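Residue numbers (this note's numbering): 7 to 256.
Ideal Cβ positions, reconstructed from N, Cα and C, are used throughout, including at glycine.
Because the structure is a prediction, the values reported are computed rather than measured.
Following: one structure in structure tokens, then a few remarks.
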């Protein structure tokens, strides 16, 4: 798919003052707040044009897979992967920010998806209550205030959210195995992986958006290698302080 084709994503209609809907390249529809347009468009480019979460073919979701989408935001990756895993698969989407969560739920309903389970949690290195710091663009909200300020400017909102570890998530959902774990959790990626390190033995593929202001590529790469993964790295075309790791079983 070329950039020109992607950018012909059509604005279907204004749903109300300040809210609109886009038709995505695969036919899915996604509702968003107009004041958040730059970040949702960036998110769509990552998924559909640059293929940042699927630049290695073995990380493209397939029929029957169970996928965890941590940091689901408004659901672009959730919608994309839910179509690919089909009715025999499942996507578990985690999104802690209340407004993002509301739109995520709306977008899953809008597309008639019955293979998506939505949880209002933030993955973290510990269980309990946390503060989510949100700058102007809610896609950049983080449990790390310094990261939120560094990538998004002034923090405009502090929201109390429930944090859970990867271990707790596996226990709550009674998960034996996960085909793909996708993490876009704004600086918490190393902490989440490290705190539940043995759980990675039950994960077949890991896709991580790495925020280089918090952790280096080498740190996360070495952690994944130590658990039997072979990492592939791609630098972010849209942001110089980000990169992507796709880790497959070696």
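Report task. To the nearest angstrom, report how far apart residue 106 and residue 143 are at their CA atoms. Result -> 11 Å
- Task: Put residue 191 into one of helix, strand or coil per three-state DSSP.
- Result: coil
For residue 134, the three-state DSSP class (helix, strand or coil): strand
Q.
I'd like the span of the alpha helix (DSSP H) that includes residue 154, first residue to last.
A. 151-158
| task | Evaluate residue 244 with the Cβ neighbour count: other Cβ atoms within 10 Å of its Cβ, from every protein chain shown; 16 or more gives buried, anything less gives exposed. | result | exposed
Alpha carbon to alpha carbon, how far is residue 40 from residue 72? Give it in angstroms, no decimals. 32 Å
When the Cα atoms are used, what is the spatial distance from residue 162 to residue 196?
26 Å
query: DSSP beta-bridge partners for residue 248?
result: 217
Worksheet entry | Rounded distance between the beta-carbons of residue 100 and residue 134, thought under 8 Å | 16 Å between Cβ atoms; not a contact.
* Under 7 Å Cβ to Cβ from residue 113, same chain only, skipping five residues before and after it: list those, please. => 36, 37, 80, 81 and 85
Checklist entry - Just how far apart, CA to CA, sit residue 111 and residue 202? => result 28 Å
### Reduced DSSP secondary structure (H/G/I, E/B, other) of residue 122
strand
To the nearest whole angstrom, what separates the beta carbons of residue 216 and residue 186, a pair I think is in contact under 8 Å? With 8 Å as the limit, residue 216 and residue 186 do not qualify as a contact, their Cβ atoms being about 17 Å apart.
Practice task
Would you please state the rounded distance, in angstroms, between the beta carbons of residue 131 and residue 94? I believe it to be under 8 Å.
Solution key: With a Cβ gap of about 33 Å, residue 131 and residue 94 do not count as contacting.
| What is the residue span of the alpha helix (DSSP H) that residue 90 lies within? | 82-91
With respect to the beta strand (DSSP E) encompassing residue 176, which residues constitute its N-terminal and C-terminal limits? Counting along the chain, residue 176 falls outside any beta strand (DSSP E), though it belongs to the alpha helix (DSSP H) covering 172-179.
Please name the residue in 224, 248 and 246 whose C-alpha comes closest to that of residue 237.
-> 224
> Is it right to say residue 247 is buried, meaning 16 or more other beta carbons lie within 10 angstroms of its own, or is it exposed?
Replying inline: exposed
| query | What span of residues does the alpha helix (DSSP H) with residue 111 cover, start to end? | reply | 104-116
Measuring CA to CA, which of 171, 181, 177 and 178 is closest to residue 189? 171
| said: I need the straight-line Cα distance from residue 220 to residue 252, nearest angstrom please. | reply: 18 Å
For this session: Check the C-beta distance from residue 75 over to residue 242 and give it rounded, since I have them as a contact under 8 Å.
Result: That pair is no contact at about 18 Å.
Within the same chain, show all residues whose beta-carbon is closer than 7 Å to that of residue 152, passing over the 5 residues directly before and after it, in chain order.
none
| task | Count the other CB atoms, across all protein chains shown, that sit within 10 Å of the CB of residue 50; report buried if there are 16 or more and exposed otherwise. | result | buried
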